[in-house]
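Protein chains in written order, with the numbering used here: chain A, 414 to 1094; chain B, 4 to 155. Beneath this line is the structure, given in structure tokens, with notes to follow.
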Amino acid sequence: MDLFDSSSDTKAVILKDSFQIFPDKPLPHLDSGLIKAYEVQNISNRMEVSSSLFALVSQPHLSPRLHIFSTIKRLQTGNSLSLVDWGGIPWPGSPQYVLVFIYEKPGGTRFIEKWDDVIAPISEPILIKGFLEPITEILTLYEHAMFSHRSIRPMNLFWKDNTRKSILLGEGVSAPSAFFQDAIVESIESAMVHPSARGNGSTVDDIYSLGVTLAYALIGKCLLNGKTDEEIIELKWSKGSYTTLLGGQRVSQALEEVLRGFLRDDPRTRWTCSHLQSWLANKKPPVNSVNSLYRLASRPYIYNNKPFLNLKLLIWEFYKAGPSSLQDLLSLDFYNWVLRSCGQDETAEIVKQNTKHAREQFEKSNDINHSDAHKLLLRLCSRIDPTLPLFYKGFAFYMSGLGVTLIYSMKDVNMRSLLTDIIVQNACSQAPDEILISQRGDDLSLFFKKLAQYVRLNEWGFSIERCIYELNKFLHCQSDYIYNYFVFRPSQILEALNAFAKKDGIPESFPFDRHIAAFIGAHVGHAATVWIAELNENYQENTKAVVILRFYAQIQDHFKLEPLPYLAEWILRFEDFGLINFYSLRRIKRTRENLKKYAKQGILKNLLIIIDYYKEKQEDALGFELAKRNYQHISLLEKKAYDNLETIEESSKRIGGYVSVITGVIILVCFISYSVLKLVI
Amino acid sequence: MSSKKNKIFVFIFVLALILLSSFALPIALLCFLGLLPTLVSSMIDFEKQHYLTYTLGCFNLCGVIPYLEKLCRPKPSFEIVWSLLSSPFSWLMMYGMAALGLGVYFMIPKIVAVIRKNILEAELKTLEKYKQDLIEEWGEKVLPPLEGIEEG
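Dropping the structure here:
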């Protein structure tokens, strides 16, 4: 499946000014599962790479195992494909940038292309020297670095050179852990799980895959070829992996010991790297005690008219049957069968302890709802057999694979809804403590409770997006704005937004989305909790500019980031920005001018100071109240003046008459005075 | 204006002339004939404040006073009265002043109206400018709610 139409544009793409990748030159013989390989030319003088290169182009829904990249690069031994570099590039046909991984080409061809291939059996010396020793070296290094390869399969091996004496282990980082592993190379439990939900796994899983690969190399063909996953799992259940994969083929005594150790179905008794190292050093490997769960019962338990001798298989059947199996699971018959026929006192005690309360609950309550019934089933089954994957509403998963599955199913509504249900119902916390603690090294019960709360809160910084980042700490921020910048640290978010605005121009939409908030929430810790609380408390459509500005200013201040003028300009672009705090339009205009000036400086905190300036806000509010009163007063005066204007003729007549009289009197007084003076003189 | 007041005014005027005529008939005759426009105006002035009568009366009296002064200088006599009344200039002076009073009465209210109108219009312009300034400074939020709705 190729998601990208690389034929639409055949222009070479440059990675880090060092590698020229040719989308029109695919190298199908170097593909890694669905991850396509392309021709690469080294154009850098800085980097000295002896052999020719190829690139693996990742797919967005298949999250690469980025958290182990730097370690893998450091741990390269020459026995695996050599990782040269990696990075994000634009890719023809893809709307977003993709991650590419540059590897050195192997000297020889792929060991086999597909399971159908039949080859000449590999001789024992080559198998030990050319297969076991190099892979053991790699797995030991990985084990010390606390991660696993999870992509060991015959199709992921290359001959080191054309002499075909030694192999190179293929890559295992460009897709989720064990995503391309077929049911044949996975242990029974892991094969039951959805490929995206297989989780981190461990060296023990790698050892099993190595065992299957060795079995193939030894007999030169795959005996399970053409069988479905279900058939393979059932065969392994009934016969055991060793017998299923070797099928009675004669194997030397030395290798038989190794293969039996590698292909043990109980991971707790399977060989580890130290066993193998002891064996290679001709020492007797330590013997692991056999777990009783894998013993067959003395008489079968009949479930759905089908006899079961294997407790694990029966538990798996209960899981698959769903809540309808609770009737059997909670029955005394089942308890008695575990105790007497299986002879497993410890497991019987677990059954007794866990089913007593559940039985009462189940018998009393007929209206037990669907999710609760599934949770009860998960709780009981995972306690009886903690080695099985978790199973909820028909979906099998390991807890450490939940995060990757969320990414994988981002566009699959049904799957996403199921995963949301798993989180909201806190299904994972039903697992026993040994799973909750062992798989991540810390108490996951509290962690999953928190996730359930996050999903219920449909606010900024929470919801399913928060769960994605909480479960995938090495996932880059998926925001559309900064997807292409591959932001892995919260301190890079603002720089990426700034770079986006600088490079692509300021878009019409607001520089904020659910992914940005969730990413910061998941990565920053307590400080982000406060920021997000403030954000949700104050966020309204008309205040979002200030709220987001405050949010970003806090981040810039917290991480002591360089000036971000383009991001500041981007936020300022929104018209509601200055209006929300001030009444005075002149003040707003002045504030805008100041904001523009400060935006160019790129310190978001300074912008906030202008907007938040308390005294000015107070003056503004007082001024506004005064202005309202003044306006009303002026309106009254105006009304009065208009009234006067209407009656001006009438009132002027009155005033005019009065003035006329006064004029007449004054003139009369003058005349009289003059005449009197004349008479007197 | 009530006609009662007018009648009182005419009555007082006539009574004053009769009293005057009892000891200075030439003066009373001159006053009667010279102030005849005032007497007529008092009869036709129906306004409450009698501005017409007062204005016209003042001016009419101004026209009569110079002749009263001429009449009184040696001793009032009918000869002087006849000589004054026989001169058209005397009539022109007395009635011309009355006419001037009438003119003043009609012109001054119009002048006052024009002046006041200009003043009010200037005042309205100033108030409008104040309002515009307030709207420019604070936006339409400064408008009283009702006014805002009406304008909206």
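Even for Gly, the Cβ is constructed at its ideal location relative to N, Cα and C. Predicted model only: the values in this text are computed from it and were never measured.
Using only the alpha-carbon positions, how far apart do residue i and residue j sit?
| i | j | result |
| --- | --- | --- |
| I405 (chain A) | Y821 (chain A) | Given a span of 414 to 1094 for chain A in the structure shown, any question on residue 405 (chain A) remains unanswerable. |
| E1029 (chain A) | L1017 (chain A) | 19 Å |
| G653 (chain A) | A450 (chain A) | 36 Å |
| S536 (chain A) | L631 (chain A) | 7 Å |
| S858 (chain A) | W528 (chain A) | 41 Å |
| Q1045 (chain A) | N911 (chain A) | 47 Å |
| E584 (chain A) | S445 (chain A) | 7 Å |
| L105 (chain B) | S1073 (chain A) | 9 Å |
| G918 (chain A) | I797 (chain A) | 59 Å |
| S83 (chain B) | Y70 (chain B) | The amino acid occupying residue 83 (chain B) in the given sequence is Ile; Ser does not appear at that position. Rounded to whole angstroms, I83 (chain B) to Y70 (chain B) spans 10 Å at the Cα level. |
| R577 (chain A) | I548 (chain A) | 15 Å |
| G501 (chain A) | K429 (chain A) | 9 Å |
| F81 (chain B) | K113 (chain B) | 43 Å |
| M4 (chain B) | I47 (chain B) | Below a pLDDT of 50, predicted positions are generally treated as unreliable, and M4 (chain B), at 43, falls in that range; the measurement from the model is reported next regardless. C-alpha separation (whole angstroms): 10 Å. |
| F923 (chain A) | S431 (chain A) | 35 Å |
| I836 (chain A) | D741 (chain A) | 27 Å |
| E1062 (chain A) | Y1011 (chain A) | 60 Å |
| L1081 (chain A) | Y1071 (chain A) | 15 Å |
The beta strand (DSSP E) with residue i in it runs from where to where?
| i | result |
| --- | --- |
| S711 (chain A) | 709-716 |
| G501 (chain A) | 496-502 |
| P436 (chain A) | 432-439 |
| I515 (chain A) | 511-517 |
| V470 (chain A) | 466-470 |
Does the separation of the CB atoms of residue i and residue j fall below 7 Å?
| i | j | result |
| --- | --- | --- |
| K573 (chain A) | G521 (chain A) | yes |
| A102 (chain B) | N63 (chain B) | no |
| F810 (chain A) | Y882 (chain A) | no |
| F544 (chain A) | I620 (chain A) | no |
| L400 (chain A) | F524 (chain A) | Nothing about residue 400 (chain A) can be reported from this structure: the residues present for chain A run from 414 to 1094 only. |
| T484 (chain A) | I565 (chain A) | no |
| I894 (chain A) | Q509 (chain A) | Going by the sequence as given, residue 894 (chain A) is Tyr instead of Ile. The answer is no: Cβ separation not under 7 Å. |
| E872 (chain A) | C686 (chain A) | no |
| Y996 (chain A) | F964 (chain A) | no |
| F925 (chain A) | I961 (chain A) | yes |
| V617 (chain A) | R563 (chain A) | no |
| A694 (chain A) | I646 (chain A) | no |
| L20 (chain B) | A31 (chain B) | yes |
| P976 (chain A) | G934 (chain A) | no |
| V115 (chain B) | G1069 (chain A) | yes |
| P802 (chain A) | E602 (chain A) | yes |
| G816 (chain A) | N885 (chain A) | yes |
For residue i, which option in the options has the closest C-alpha, if you only look at C-alpha atoms?
| i | options | result |
| --- | --- | --- |
| I481 (chain A) | A:L888, A:R1042, A:F964 | A:L888 |
| S45 (chain B) | B:L71, B:L33, B:A27, B:F14 | B:F14 |
| Y54 (chain B) | B:L33, B:Y70, B:V107 | B:V107 |
| D785 (chain A) | A:I515, A:T800, A:Y805, A:N767 | A:Y805 |
| A1034 (chain A) | A:V513, A:Q662, A:I1001 | A:I1001 |
| H770 (chain A) | A:L752, A:G756, A:S744, A:H783 | A:S744 |
| V426 (chain A) | A:G446, A:F467, A:T685, A:E1063 | A:F467 |
| L1092 (chain A) | B:K73, B:L23, B:L28, B:K10 | B:K73 |
| E131 (chain B) | A:A694, A:Y1071, A:E1051 | A:E1051 |
| H783 (chain A) | A:D834, A:L819, A:E759, A:L752 | A:D834 |
| A844 (chain A) | A:Q666, A:C794, A:K1013, A:A596 | A:C794 |
| Q433 (chain A) | A:V453, A:A940, A:L447, A:S622 | A:V453 |
| A930 (chain A) | A:D746, A:Q891, A:V959 | A:Q891 |
| L581 (chain A) | A:W650, A:E550, A:R712, A:L648 | A:E550 |
For the alpha helix (DSSP H) containing residue i, list its first residue and its last residue.
| i | result |
| --- | --- |
| W729 (chain A) | 724-734 |
| A125 (chain B) | 91-141 |
| V1074 (chain A) | 1061-1093 |
| F995 (chain A) | Careful: F995 (chain A) lies outside any alpha helix (DSSP H) and carries neither H nor E. |
| F913 (chain A) | 904-917 |
| W572 (chain A) | Run containing W572 (chain A): none in the alpha helix (DSSP H); it sits in the beta strand (DSSP E), 570-572. |
| V617 (chain A) | 616-632 |
| F861 (chain A) | 857-869 |
| I835 (chain A) | 826-837 |
| L64 (chain B) | 54-75 |
Whether or not the stretch 805-824 of chain A and the stretch 469-487 of chain A are in contact is what I'm after, with contact meaning three or more pairs of Cβ atoms, one per stretch, closer than 8 Å; do they touch?
Judged by Cβ distances under 8 Å, the stretch 469-487 of chain A makes contact with the stretch 805-824 of chain A, as three or more pairs qualify.
Decide yes or no for the touch test of the stretch 585-593 of chain A against the stretch 603-619 of chain A: beta carbon pairs closer than 8 Å, at least 3 of them.
In short, these stretches touch, since the Cβ pair count reaches three.
Contact between the stretch 437-451 of chain A and the stretch 479-493 of chain A is defined here as three or more beta-carbon pairs at a separation below 8 Å; is this criterion met?
Of all C-beta pairs linking the stretch 437-451 of chain A to the stretch 479-493 of chain A, fewer than three are shorter than 8 Å, placing the two stretches out of contact.
Inter-stretch contact at 8 Å, needing at least 3 Cβ pairs: the stretch 730-740 of chain A / the stretch 790-797 of chain A
Result yes; three or more Cβ-Cβ pairs closer than 8 Å.
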